[in-house]
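Listed in order, the protein sequences are those of chains A and B. Numbering that gives the first Met the number 0 puts the first residue of the first sequence at 0, with every later residue one more than the last. Numbering that gives the first Met the number 0 puts the first residue of the second sequence at 0, with every later residue one more than the last.
There are 2 protein chains.
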Amino acid sequence: MKVECSIEDVFDVTKRNLEGGGLLLTSVGSDGQNNVMTIGWGLVGRLWSKPVFMVAVRPTRHTFKLLEETNEFTVNVPSDDMDETVAYCGKVSGRDHDKIQERGLTLLSGKNVVSPMIESCVAHYECKVIGKSMVVPELLSSDVLGTSYTSGDYHTLYYGIILSILMNR
Amino acid sequence: MKVECSIEDVFDVTKRNLEGGGLLLTSVGSDGQNNVMTIGWGLVGRLWSKPVFMVAVRPTRHTFKLLEETNEFTVNVPSDDMDETVAYCGKVSGRDHDKIQERGLTLLSGKNVVSPMIESCVAHYECKVIGKSMVVPELLSSDVLGTSYTSGDYHTLYYGIILSILMNR
């Protein structure tokens, strides 16, 4: 059963997964097609007087197209037995693969956004994009440039207001 | 006594203060002069494979000049009895006021950065800027524009790698 909770309730498990295999970001295109991708980076807190989850998406990703179309996403924190799914969703693109079907994921309808939740995950942040900023090479340290941008493909940073957080009870 | 800790140890008190009076950001200019300002917004998590604290500073702020000079800052989480100091440090500018002296704040030398810690605070994030991004009006929702940027003065977003976190024991 999924119940409403606060960031504090799920911060530890969120951060542990960011440092481990990653989190699962779901989004939906204007055609209603869902996609899921693995993210290893994310920031949470408060910006523009709102609770915010920031995610970074490269323009070459299929998810980028969907976020640009609908400006919504859900961040799902995987359970411990989802390592293979998390790895798979970071390897193949939603342009060529229906990852949700291929991994047998059950979706739950969102409460505040159209992006679905992944039932087997343990926590879910429903977010609506309220602002974006661009990563540009001139504003990065040489270390970040050398480790994260050897092929360019600079992220867009999406700041999503957190409309609700759900966790398993 | 200040001891090393993890983000998880101090996330709750950090978020509670962001939602309350704010946090105290210390920085130092190239001339060695310290300053402290109150921030109500901040994000923590993982970006570019590093633990990161993001802070937002407007170009008109004195802190903006210092961050541009030295690319370092420390975020201090105030104790419950520091409300007046937090309010004061959000009202006056370091250009005209030595807020540290006026509020009788005791500084502790940083361990990894030159920016000092404020002794009476309960937790401290030492950060070095590894990337920045610009807030531009074209990438904001009308709600954010209308509530946070009625006078323009668009923030620079500073992403600081968290080099250490200290808390009271």
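Glycine included, C-beta positions come from ideal geometry on N, C-alpha and C. Please read these numbers as outputs of a predicted model, since none were measured by experiment.
Would you say residue i reaches chain B, if we count a Cβ-Cβ gap shorter than 9 Å as a contact?
i, result
"residue 84 of chain A", "no"
"residue 118 of chain A", "no"
"residue 131 of chain A", "yes"
"residue 147 of chain A", "yes"
"residue 3 of chain A", "no"
"residue 164 of chain A", "no"
"residue 135 of chain A", "yes"
My understanding is that residue i touches residue j, with C-beta atoms under 8 Å, so please give their C-beta distance in whole angstroms.
i, j, result
"residue 88 of chain B", "residue 146 of chain B", "In fact, because the Cβ distance is near 22 Å, the residues do not count as touching under 8 Å."
"residue 23 of chain A", "residue 70 of chain A", "Rounded, the Cβ-Cβ distance is 19 Å, inconsistent with contact."
"residue 42 of chain A", "residue 42 of chain B", "4 Å"
Using a C-beta cutoff of 9 Å, does residue i count as contacting chain A?
i, result
"residue 139 of chain B", "yes"
"residue 152 of chain B", "no"
"residue 27 of chain B", "no"
"residue 125 of chain B", "no"
"residue 122 of chain B", "no"
"residue 113 of chain B", "no"
"residue 56 of chain B", "no"
"residue 91 of chain B", "no"
"residue 106 of chain B", "no"
"residue 142 of chain B", "yes"
With a Cβ-Cβ cutoff of 9 Å, do residue i and residue j count as a contact?
i, j, result
"residue 8 of chain A", "residue 166 of chain A", "yes"
"residue 153 of chain B", "residue 134 of chain B", "yes"
"residue 112 of chain B", "residue 149 of chain B", "no"
"residue 139 of chain B", "residue 131 of chain A", "yes"
"residue 40 of chain B", "residue 48 of chain A", "yes"
"residue 52 of chain B", "residue 126 of chain B", "yes"
"residue 60 of chain A", "residue 18 of chain B", "no"
"residue 168 of chain B", "residue 1 of chain B", "yes"
"residue 161 of chain B", "residue 50 of chain B", "yes"
"residue 98 of chain A", "residue 104 of chain A", "yes"
"residue 129 of chain A", "residue 142 of chain B", "yes"
Point to revise | Residues of the segment 60-83 of chain A whose Cβ lies closer than 7 Å to any Cβ of chain B, in chain order | key: Residues of the segment 60-83 of chain A with a C-beta less than 7 Å from any C-beta of chain B: none at all.
Exercise for review: Please list the residues of the segment 31-53 of chain B that have a C-beta atom closer than 9 Å to any C-beta atom in chain A, keeping them in chain order.
Suggested key: Against chain A - using a Cβ distance shorter than 9 Å - the residues of the segment 31-53 of chain B are 39, 40, 41, 42, 43, 44, 45, 46, 47, 48, 49, 50, 51, 52 and 53.
Check your understanding: At a cut of 8 Å, does the segment 63-77 of chain A reach the segment 23-30 of chain A through at least three beta carbon pairs?
Key -> In short, these stretches touch, since the Cβ pair count reaches three.
Practice item. Decide yes or no for the touch test of the segment 34-48 of chain A against the segment 74-93 of chain A: beta carbon pairs closer than 8 Å, at least 3 of them. Key: The segment 34-48 of chain A makes contact with the segment 74-93 of chain A: 3 or more CB pairs, one atom from each, lie closer than 8 Å.
Exercise for review: Check whether the segment 112-122 of chain A touches the segment 41-56 of chain A, counting contact only when three or more Cβ pairs, one atom from each stretch, lie closer than 8 Å.
Suggested key: Contact annotation: the segment 112-122 of chain A does not touch the segment 41-56 of chain A, with fewer than three C-beta pairs closer than 8 Å.
Review point. Closer than 7 Å, Cβ to any Cβ of chain B: which residues of the segment 5-26 of chain A, in chain order?
Key: So the close ones are 6, 7, 10, 11, 14, 17 and 18.
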